[in-house]
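Numbering (this note's numbering), first residue to last: 6 to 341.
And the structure:
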């Protein structure tokens, strides 16, 4: 198991988000009961369409011939590098103006503020997912996982994605193991071996908060009452899930290009000064990070093709974000 450098044992052995059993009368009830929730209409359909179009334009900006209306161009040669057929976190994409605009949508921030009980948040420098239906040169297999190191006990982080396109049963998207977050600590009381998945990141990628499950592990959760469900979303919906929740994404099989942005926020008070300093540095360098806003801060690095840095690599976004006090606070650059 990878160590958690710079993290005290006390901070990884308790719930950072406590729940006293109250009833909220909103999506938070589902979150605390099932380990995830859908916040309907976090952004308007019009704003969702704006972000969807910006994502498509970003793909086209590389000049590789991608055409959303021509499936013959839906191949790797016509696209920038992505992970698992559509996850984009390189090319300074995580700091594009439209990416920051989505992070700062009022109801997106409000959802995390309501959940954590504070407005003093940090945001992840996370990427986006643009998955093409039935991409002919793409091989794919399920990779059920959690984005929390088993050494971190309790509720430590909340992940999220903001959906921009219609997302029905055949449109790919997020699968969640309902109820699995509550069994996380129990499952890892025994020594578990991570799956040697073909898409497992190399050790040098330093993914400290990732555990890939084997098929027998998935069955263990099902045998203990959990259910694997496919989320179906409308444009503008926000999904939040406990990082202890087993999940992965399936590829679209219909006609709709999947279009989402990952976003995660946690309280500033959870971060140590060393991590905040590094986070600010990565912001100024337009680097992406993992979904963890307050810890596990390390740069994603440049995109690689065939073992070398992609010649299409970018070190600055096409459109830089408009800086404000609120943005800089979320980025860890400015104090609250």
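Every residue, glycine too, gets a C-beta built ideally from N, C-alpha and C.
Through-space distance from residue j to residue i, alpha-carbon basis
i, j, result
"residue 139", "residue 236", "19 Å"
"residue 41", "residue 245", "5 Å"
"residue 164", "residue 126", "14 Å"
"residue 62", "residue 151", "31 Å"
"residue 278", "residue 269", "19 Å"
"residue 123", "residue 252", "27 Å"
"residue 300", "residue 131", "13 Å"
"residue 65", "residue 137", "14 Å"
"residue 145", "residue 255", "9 Å"
"residue 239", "residue 172", "6 Å"
"residue 157", "residue 52", "36 Å"
"residue 263", "residue 175", "10 Å"
"residue 141", "residue 308", "22 Å"
"residue 232", "residue 49", "30 Å"
"residue 33", "residue 112", "14 Å"
"residue 87", "residue 230", "34 Å"
"residue 100", "residue 76", "28 Å"
"residue 119", "residue 311", "44 Å"
"residue 339", "residue 288", "11 Å"
"residue 330", "residue 55", "24 Å"
"residue 108", "residue 129", "9 Å"
"residue 306", "residue 215", "18 Å"
"residue 250", "residue 241", "22 Å"
"residue 247", "residue 220", "21 Å"
"residue 102", "residue 80", "26 Å"
"residue 189", "residue 94", "27 Å"
"residue 222", "residue 319", "39 Å"
"residue 275", "residue 74", "45 Å"
"residue 162", "residue 315", "32 Å"
"residue 180", "residue 195", "25 Å"
"residue 296", "residue 313", "25 Å"
Other residues of its chain near residue i: CB distance less than 7 Å, five sequence neighbours each side excluded
i, result
"residue 143", "90"
"residue 321", "97, 291"
"residue 116", "44, 47, 243, 245"
"residue 105", "326, 332"
"residue 92", "132, 134"
"residue 364", "Outside the shown range of the chain, which is 6 to 341, sits residue 364, and nothing can be said about it."
"residue 298", "127, 128, 129, 269, 270, 271"
Interface flag, residue i vs chain C, CB-CB below 8 Å
i, result
"residue 186", "In the displayed structure, chain C is absent; only one protein chain is listed."
Cβ-based neighbour list, residue i, same chain, cut-off 8 Å, excluding 5 preceding and 5 following
i, result
"residue 69", "82, 83, 84, 85, 317"
The beta strand (DSSP E) enclosing residue i, as first and last residue numbers
i, result
"residue 232", "232–235"
"residue 267", "263–267"
"residue 254", "252–255"
"residue 2", "In the structure displayed, the chain extends from 6 to 341; residue 2 sits before or after that span and is not available."
"residue 284", "Segment 278–289 is the alpha helix (DSSP H) holding residue 284; no beta strand (DSSP E) there."
"residue 247", "243–247"
"residue 179", "178–183"
"residue 354", "In this structure the chain extends from 6 to 341, so residue 354 is not present and cannot be described."
"residue 134", "133–136"
"residue 270", "270–272"
Cβ-based burial, residue i [other Cβ within 10 Å; buried from 16]
i, result
"residue 59", "buried"
"residue 294", "buried"
"residue 191", "exposed"
"residue 266", "buried"
"residue 234", "exposed"
"residue 153", "buried"
"residue 178", "buried"
"residue 23", "exposed"
"residue 114", "buried"
Residue span of the alpha helix (DSSP H) that contains residue i, given as start and end
i, result
"residue 61", "50–65"
"residue 189", "189–192"
"residue 118", "111–121"
"residue 303", "Element bounds for residue 303: n/a, residue is neither H nor E."
"residue 226", "220–228"
"residue 333", "330–335"
"residue 163", "No alpha helix (DSSP H) holds residue 163; the beta strand (DSSP E) holding it covers 163–168."
"residue 102", "102–108"
Other residues of its chain near residue i: CB distance less than 6 Å, five sequence neighbours each side excluded
i, result
"residue 193", "155"
"residue 72", "78"
"residue 67", "85, 317"
"residue 337", "127, 281, 284, 285"
"residue 37", "24"
"residue 342", "For the chain, the structure presents residues 6 to 341; residue 342 sits outside this window and is missing."
"residue 197", "none"
"residue 57", "169, 170, 264"
"residue 35", "42"
Contact test: residue i Cβ vs the ligand FAD heavy atom, cutoff 7 Å
i, result
"residue 185", "For the ligand FAD, the structure offers nothing, since it holds no ligand at all."
Closer than 8 Å is the cut-off here; do at least three beta carbon pairs connect the region 310–329 with the region 254–263?
No, the region 310–329 is not in contact with the region 254–263.
Under 8 Å: do the region 221–236 and the region 178–185 share three or more Cβ pairs, one atom per stretch?
Under the three-pair Cβ rule at 8 Å, the region 221–236 counts as touching the region 178–185.
Between the region 279–287 and the region 301–311, do three or more beta carbon pairs fall short of 8 Å?
Touching, yes, given that three or more Cβ pairs across the two stretches are closer than 8 Å.
Does the region 164–174 come close enough to the region 17–32 to have 3 or more Cβ pairs within less than 8 Å?
Cβ pair count under 8 Å is below three, so no.
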